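**Student:** Have a look at this one before I ask anything.
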Amino acid sequence: MGVIRADETGGVTRIVEKPAEPSSTFVATGWYILPADVFHACALLRLSAEGEYQLSEAVGLLMRAGYKVETVRLGERVNVNTSEDVERASELVREESGTGS
């Protein structure tokens, strides 16, 4: 779980994976649209104690490299375990962005 700090426009100013003292209550809940360069960022990371790459750390590297990261706030959280879940999440994003169904 990445804890996020964002500016007033929703632009992410910082993301930290599981901080001991969170700087906000705003967290990434798992839906990312990322450039292919995220794989290069992951290659620069050390694996966590659990043997995993922490996506929040990779996103932080991209931000430091000049990538713009923004948040999308949805009124409803949807797990995306099935194709129907993915479609429901996509529908919520379209509604939120004003692009319709």
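Mapping of the sequence shown onto the UniProt record's numbering: position 4 corresponds to residue 4, and the numbering continues sequentially without gaps.
Ideal Cβ placement from N, Cα and C applies to all residues, glycine included.
All values derive from a computational prediction rather than experimental measurement.
1) Identify every residue that forms a DSSP beta bridge with residue 5.
2) Can you check which of these residues, 26, 16, 20 and 2, is closest to residue 8 by C-alpha distance?
3) Starting from residue 94, trace the alpha helix (DSSP H) in both directions and tell me its first and last residue.
4) Here's a check: name, in chain order, each residue in its chain whose Cβ is nearer than 7 Å to the Cβ of residue 60, leaving out the five neighbours to either side.
5) Quick one: any contact between the region 33 to 41 and the region 61 to 72, if contact means 3 or more CB pairs under 8 Å?
6) Distance, Cα to Cα, residue 45 vs residue 71?
**Tutor:** Here's the rundown:
1) Within the sequence shown, residue 5 is the residue found at index 5, counting from 1. Residue 5 is bridged to 14.
2) For the purposes of this step, residue 8 is identified with residue 8 of the sequence shown, where counting begins at 1. That would be 26, whose Cα lies nearest to the Cα of residue 8.
3) The residue labelled residue 94 in the question sits at position 94 within the sequence shown. Taken as a continuous stretch (DSSP letters only), the alpha helix (DSSP H) holding residue 94 covers 83 to 97.
4) Locating residue 60 in the sequence shown gives position 60, where the first residue counts as 1. Same-chain partners within the cutoff: 15.
5) yes
6) On the sequence shown, residue 45 is found 45 positions in, with the first residue counted as 1. On the sequence shown, residue 71 is found 71 positions in, with the first residue counted as 1. Looking at the two C-alpha atoms, the distance is approximately 23 Å.
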